[in-house]
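Novice:
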Amino acid sequence: MDALRVISPLTGRANVETIRRIPVSRLQRFYRDHLGVDIDRFVGDLDAVEVCRCLDTGFEFYWPLTTAGDASFYDDISKHPWYYDPDRWEHREAAGWLEEARTVVDVGCGDGAFLELVGKRSAAIERLGLELSPDAARVAREGGADVVNQSLEVFARDNGGRADVVTAFEVLEHVVDPLRFIIDLVSVAKPGGLVIIGVPDNDGFTAETEEILGGALNMPPHHIGRWRRSSLESIVDIAPVTLVRVAHEPLEKPARDRLAYARVARVLGNGRLAGLAWRARLHRLYSRVGAAALVRVGGPTILVAFRRLSDVPQERRNG
1 MDALRVISPL
11 TGRANVETIR
21 RIPVSRLQRF
31 YRDHLGVDID
41 RFVGDLDAVE
51 VCRCLDTGFE
61 FYWPLTTAGD
71 ASFYDDISKH
81 PWYYDPDRWE
91 HREAAGWLEE
101 ARTVVDVGCG
111 DGAFLELVGK
121 RSAAIERLGL
131 ELSPDAARVA
141 REGGADVVNQ
151 SLEVFARDNG
161 GRADVVTAFE
171 VLEHVVDPLR
181 FIIDLVSVAK
191 PGGLVIIGVP
201 DNDGFTAETE
211 EILGGALNMP
221 PHHIGRWRRS
231 SLESIVDIAP
241 VTLVRVAHEP
251 LEKPARDRLA
261 YARVARVLGN
271 GRLAGLAWRA
281 RLHRLYSRVG
291 AAALVRVGGP
301 TILVAFRRLS
311 DVPQERRNG
């Protein structure tokens with residue numbers, strides 16, 4: 001990779017390195033065979049997608065950024081019933097972090113599950129969701145949520161300092177311009193308000209299982225960024241916030257079984273022998289026997305909370 005041509009989307013600097021290359025044929029095969037989605041329009045004539053690391057922040061991203069999915073892609077993916085899980089750890093955890101919030105804005109609210117949970121905790125909280133997918137927004141409205149079909153960039157222009165708490169669950173990893181997104185996200189919070197972000201944790205479970213379990217959902221076009229605690233902590237250097245809270249999702253039994261299978265498959269090779277091991281439930285035996293080792297691995301998601309300190313610099317918002 002020519003380092004001069006690749007710019008970190010988090011810092012705008014070219015201080016990056018290539019970690020590895022992923023054959024495009026692998027991505028095409030996964031999305032076609034497992035999800036029934038054609039991704040040819042995103043990868044064009046590319047042979048491979050590069051995984052790059054920003055050396056200033058540790059943030060990892062896929063290159064080229066043009067491989068990121070569009071609204072039509074997410075509408076296709078979201079038709080699968082498992083895509084919007086109504087009972088998510090990060091929702092339950094974050095609902096306990098709201099302090100004395102009177103206004104909550106959930107960016108990328110999906111089907112409105114978090115807003116519904118907040119409403120059950122306190123009907124007095126004003127709840128507003130932003131969602132670009134018309135289908136997901138419709139489902140959220142049917143559930144009683146107030147949802148705006150608008151991008152964060154547009155919403156932030158007229159809603160600076162509106163919310164006591166701003167949340168974004170499983171959104172940041174999809175964003176092509178995370179710097180602008182983060183600045184806009186922070187700007188919607190009141191000074192002293194909270195900004196809560198949940199993303200797949202690329203330390204532990206997510207990274208360890210993606211190569212074995214068809215983890216192309218952690219790759220383009222679905223994901224364009226790869227976050228972990230260290231890169232999330234670097235947000236304090238690009239936005240007027242301080243980090244106040246971090247939580248890692250526990251590795252519950254379903255995820256523990258998947259991790260166990262990934263480790264068994266890595267030893268046997270991710271082929272016929274691994275398939276036989278799956279049918280023989282050897283991974284469950286390993287899951288029980290090796291439980292102590294497995295629980296030391298973090299679960300799929302990391303959740304962080306920042307407190308807004310001051311006004312957002314206008315020049316950063318304008319890019």
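For reference, each letter of the sequence shown is one residue, going 1 to 319 in the working numbering.
Think of the CB as a built atom: it goes at the ideal place given N, C-alpha and C, for glycine as much as any other residue.
1) Have a look at D47 and R13 and give me their C-alpha separation to the nearest angstrom.
2) In three-state DSSP terms, what is D40?
3) Return helix, strand or coil for R5, following the three-state DSSP convention.
4) Return the first residue and the last residue of the beta strand (DSSP E) that P23 is part of.
5) In chain order, what residues of the same chain have a beta carbon less than 6 angstroms from the beta carbon of N149, not counting five sequence neighbours either side?
6) Between which two residues does the alpha helix (DSSP H) carrying K120 extend?
7) For T301, does the count of other Cβ atoms within 10 angstroms reach 16, so buried, or fall short, so exposed?
8) Among the residues of its own chain, which have a CB less than 7 angstroms from the CB of R53, if the five just before and after it don't count?
9) Whole angstroms are fine: how far does the CA of D56 sit from the CA of L132?
10) For L130, report the span of its beta strand (DSSP E) as first-last.
11) How about the stretch 116-123 and the stretch 169-189: do they share at least three Cβ pairs that are nearer than 8 angstroms?
12) Report back the beta-carbon spacing between V195 and V166 to the nearest angstrom; my notes put them in contact at under 8 angstroms.
13) Would S8 be called buried (16 or more neighbouring beta carbons within 10 Å of its own) or exposed?
14) I need the DSSP call for Y83, collapsed to helix, strand or coil.
15) Looking at the secondary structure, which residues open and close the beta strand (DSSP E) in which F59 lies?
16) If you count every other CB in all the chains shown that lies within 10 Å of the CB of H174, and 16 or more means buried, which is it?
17) Using the Cβ count rule (16 or more neighbours within 10 Å means buried), how would you classify V320?
18) Between which two residues does the beta strand (DSSP E) harbouring I197 extend?
19) Looking at C-alpha atoms only, which residue of G69, P240 and E249 is the closest neighbour of L309?
20) Measure the C-alpha to C-alpha separation of R102 and H80 and round it to an integer number of angstroms.
21) Is there contact here, the stretch 62-79 with the stretch 87-96, by at least three beta-carbon pairs under 8 angstroms?
22) For P23, count the other beta carbons within 10 Å of its own beta carbon; 16 or more makes it buried, fewer makes it exposed. Which is it?
23) Which same chain residues, not among the five before or five after R32, have their C-beta less than 7 angstroms away from its C-beta?
24) Grouping DSSP H, G and I as helix and E and B as strand, with all else coil, what is R13?
25) I'd like the list of long-range same chain contacts for G192, defined as Cβ closer than 7 angstroms, with 5 residues on each side in sequence excluded.
26) In this structure, does DSSP put L243 in helix, strand or coil?
Specialist: The short version:
1) Using only the alpha carbons, I get a separation of about 25 angstroms.
2) Correct three-state label for D40: helix.
3) helix
4) V16 to P23
5) A137
6) A113 to R121
7) buried
8) V16, E17, I19 and E60
9) 31 angstroms
10) E126 to L130
11) No, they do not touch.
12) 5 angstroms
13) buried
14) The answer is coil: DSSP assigns Y83 none of H, G, I, E or B.
15) Neither: F59 is in no beta strand (DSSP E) and is coded neither H nor E.
16) buried
17) A query on residue 320 cannot be resolved here, the shown segment of the chain reaching from 1 to 319 and no further.
18) A189 to P200
19) P240
20) 34 angstroms
21) no
22) exposed
23) D38
24) coil
25) R307 and R308
26) strand
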